[in-house]
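One structure is given here, and the rest of the page talks about it.
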Amino acid sequence: MTRVAERGRVRVIVAGGGTGGHTYPAAAVIRALRTLVSDAGAAADVLWVGTPDSLEQRVAVENRVDFAPLRAGRLRRDHNPLRMLTDVENIKDALRLPGSVIAAILLVAKFRPDVVIATGGYVAVPVGVAAALLRRPLLIHEQTSGIGKANELLAPVATRIAVSSAASLELLRGKARDRAVVTGNPIRAALMAGDPQAAVRALEWGGYTPELPTVYVTGGAQGACQINDLIIAILPELLQVANVVHQCGRTSFTDINRHAETLPGTLRARYQLHEFIDVDLLADIFALADIVVSRSGAGTLAELTALGKPSVLIPYPHSVGGEQARGAEHLADHHAARALIGNDATTDRLRAELFHLLFKPATRTAMSMNAAAMGHPNAAAELAVTALDLAMGF
Numbered sequence: 001m002t003r004v005a006e007r008g009r010v011r012v013i014v015a016g017g018g019t020g021g022h023t024y025p026a027a028a029v030i031r032a033l034r035t036l037v038s039d040a041g042a043a044a045d046v047l048w049v050g051t052p053d054s055l056e057q058r059v060a061v062e063n064r065v066d067f068a069p070l071r072a073g074r075l076r077r078d079h080n081p082l083r084m085l086t087d088v089e090n091i092k093d094a095l096r097l098p099g100s101v102i103a104a105i106l107l108v109a110k111f112r113p114d115v116v117i118a119t120g121g122y123v124a125v126p127v128g129v130a131a132a133l134l135r136r137p138l139l140i141h142e143q144t145s146g147i148g149k150a151n152e153l154l155a156p157v158a159t160r161i162a163v164s165s166a167a168s169l170e171l172l173r174g175k176a177r178d179r180a181v182v183t184g185n186p187i188r189a190a191l192m193a194g195d196p197q198a199a200v201r202a203l204e205w206g207g208y209t210p211e212l213p214t215v216y217v218t219g220g221a222q223g224a225c226q227i228n229d230l231i232i233a234i235l236p237e238l239l240q241v242a243n244v245v246h247q248c249g250r251t252s253f254t255d256i257n258r259h260a261e262t263l264p265g266t267l268r269a270r271y272q273l274h275e276f277i278d279v280d281l282l283a284d285i286f287a288l289a290d291i292v293v294s295r296s297g298a299g300t301l302a303e304l305t306a307l308g309k310p311s312v313l314i315p316y317p318h319s320v321g322g323e324q325a326r327g328a329e330h331l332a333d334h335h336a337a338r339a340l341i342g343n344d345a346t347t348d349r350l351r352a353e354l355f356h357l358l359f360k361p362a363t364r365t366a367m368s369m370n371a372a373a374m375g376h377p378n379a380a381a382e383l384a385v386t387a388l389d390l391a392m393g394f
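Numbered by the UniProt record's numbering, the letters in the sequence shown go through residues 1 to 394 in order.
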């Protein structure tokens, strides 16, 4: 950080968004970068480039980051290549791409960043191309265990390629692999400081049985009907041996709650059903949980491994490029999770995997250690340091 202090000011462009998977890591890196620069006695000028009226614009405002809107074309994927190439919207966006690159060049030339960080999403492509054309250091970050379309396009011109999983390295072509570094996927620092008893108090969980392990079931913010159906099928058995916190989403809440009311009183008292878990409570819920049942998106896997949480993963079967299945398999291959993929995602398999973990504390402990060994709790700081090294010419 000596060079940062000597320079006194660092200028950074961050480009990415479209989904939470691209947006929240960008926000985490910005926070970490600002902290490092401030601790060095310098100042950071950060500009976030994203799609107008988007999630990334809202998150930028929440984090007090200057935002520059840029309209960029997107590629709508289809299993039929001909249909993808003849899609009217794809054609329109392809025609828009040269204009978005020119706009990005003007933006980068005016801001004069010391480094450009691209976290994925179609808006990252023109900004990354502009950085390369203007010879500004370009750091791209891949959140999944694969390589996303935007990063696949930018990898040949990137100065440094940060990946979240070693599984991504073998997918990089040619010399790109020599410029790659495994940093992990940033998570919110608050997740590392959960308090299990605070969760019990916040949930007002009078029926919580401390002698039993706790299972946290989640399908993400919107819930997952597949996971909900599997859990409900084994719920009476599960509640005999565990406490359960179930975040089911708004769509399924009424039906599941009606089913829960038919449970015997003692079992019902051990069951916490919620449409949504507030982000401020999530760290405490994770701290309370002995086992997590969830999808296997990039952000979820980053959290589970950083926290060293044993898990049973049920990937979303229609994720782009099969990235959720690939991520779940990667953890399962390292004995850091159990993965129920495709036809294996059945009631019988979920029951078998969950009960094995519930009745075998030593297996849970080993899985926890394996998961933690794959985790990167300091990923945001690692990415920020990598970006600052590039900005300083290292």
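Note that CB positions come from ideal geometry on N, CA and C, so glycine has one too. In this text the structure is predicted, and so the values were computed from the model without any measurement.
First and last residue of the beta strand (DSSP E) that includes residue i?
i           : result
Val12       : 9 to 15
Asn243      : 243 to 247
Ala180      : 180 to 182
residue 432 : Outside the modelled stretch of the chain, which goes from 1 to 394, sits residue 432, for which no answer is possible.
When the Cα atoms are used, what is the spatial distance from residue i to residue j?
i           : j      : result
Ile227      : His22  : 24 Å
Pro186      : Pro52  : 24 Å
Phe359      : Ile291 : 12 Å
Phe276      : Ile256 : 14 Å
Gln57       : Pro210 : 43 Å
Glu6        : Ile30  : 21 Å
Val59       : Asp45  : 17 Å
Val244      : Ala124 : 40 Å
Val312      : Gly322 : 18 Å
Gly128      : Gln143 : 17 Å
Trp205      : Ala306 : 27 Å
Gly50       : Ala42  : 26 Å
Ala339      : Ile314 : 6 Å
Arg3        : Asn378 : 22 Å
Ala199      : Thr214 : 12 Å
Leu331      : Thr266 : 35 Å
His141      : Ala132 : 16 Å
Gly219      : Pro264 : 25 Å
Thr366      : Ala298 : The question names Thr, yet the displayed sequence has Ala at residue 366. C-alpha separation (whole angstroms): 22 Å.
residue 399 : Arg188 : Lying outside 1 to 394, the shown extent of the chain, residue 399 is not represented and no answer is given.
Val10       : Asp114 : 6 Å
Val14       : Ala289 : 35 Å
Arg76       : Gly18  : At Arg76 the pLDDT is 45, less than 50, meaning the model places this residue with poor confidence and gives no usable figure here.
Ser38       : Pro25  : 20 Å
Val217      : Asp348 : 17 Å
Asn370      : Phe111 : 44 Å
Arg34       : Ala27  : 11 Å
Val182      : Ala345 : 31 Å
Asp78       : Ala387 : Summary for Asp78: the model assigns pLDDT 46, below 50, so the residue's position carries little reliability, and this model does not support an answer.
Leu383      : Thr300 : 19 Å
Glu261      : Thr251 : 18 Å
Val241      : Ala32  : 41 Å
So, under 8 Å CB-CB, residue i and residue j are touching, yes? Tell me the CB distance rounded to an integer number of Å.
i      : j      : result
Ala233 : Arg295 : The pair is not a contact, with the Cβ atoms about 18 Å apart (cut-off 8 Å).
Leu36  : Val385 : 7 Å
Pro196 : Ala325 : Not really, about 31 Å apart at Cβ, beyond 8 Å.
Ala167 : Ser145 : 4 Å
Gly70  : Ala104 : It should be pointed out that residue 70 corresponds to Leu in this sequence rather than to Gly. Sure, about 6 Å apart at Cβ, within 8 Å.
Gly148 : Gly174 : So it is not a contact: roughly 18 Å between Cβ atoms.
Arg136 : Val108 : 6 Å
Ala302 : Gly194 : Not quite, the Cβ-Cβ distance comes to about 15 Å (not below 8 Å), so this is no contact.
Ala190 : Ala283 : 5 Å
Leu230 : Leu350 : 5 Å
Tyr271 : His246 : 7 Å
Ala162 : Leu169 : Rounded, the Cβ-Cβ distance is 11 Å, inconsistent with contact.
If you follow the alpha helix (DSSP H) that residue i is part of, which residue opens it and which one closes it?
i      : result
Ala224 : No alpha helix (DSSP H) contains Ala224, which DSSP labels as neither H nor E.
Arg188 : It is not in any alpha helix (DSSP H) - Arg188 carries neither H nor E in the DSSP assignment.
Pro196 : 196 to 202
Taking buried to mean at least 16 other C-beta atoms within 10 Å of its own C-beta, is residue i buried or exposed?
i           : result
Glu329      : buried
Asn151      : buried
Val116      : buried
Val65       : buried
Glu62       : exposed
Thr86       : With a pLDDT of 47 at Thr86, under the threshold of 50, the modelled position of that residue is not reliable, and the figure given next carries that caveat. Counting Cβ neighbours within 10 Å, Thr86 comes out exposed, since fewer than 16 surround it.
Pro126      : buried
Met374      : buried
Gly327      : buried
His356      : exposed
Ala337      : buried
His318      : exposed
residue 395 : Residue 395 cannot be examined here, being either before or after the span of the chain that is shown, 1 to 394.
Could you give the uninterrupted runs of the beta strand (DSSP E) lying entirely in the stretch 304 to 389, keeping only those of 3 residues or more?
-> 311 to 313, all fully within the stretch 304 to 389.
What beta strand (DSSP E) runs, 3 residues minimum, are completely inside the UniProt domain "Glycosyltransferase family 28 N-terminal" (12 to 162)?
-> For the UniProt domain "Glycosyltransferase family 28 N-terminal" (12 to 162), whole beta strand (DSSP E) runs of length 3 or above, ordered along the chain, are 43 to 50, 66 to 69, 115 to 118, 138 to 142.
For the stretch 235 to 307, list the beta strand (DSSP E) runs that are entirely contained and at least 3 residues long, ordered along the chain.
-> Runs of the beta strand (DSSP E) inside the stretch 235 to 307: 243 to 247, 271 to 274, 291 to 294.
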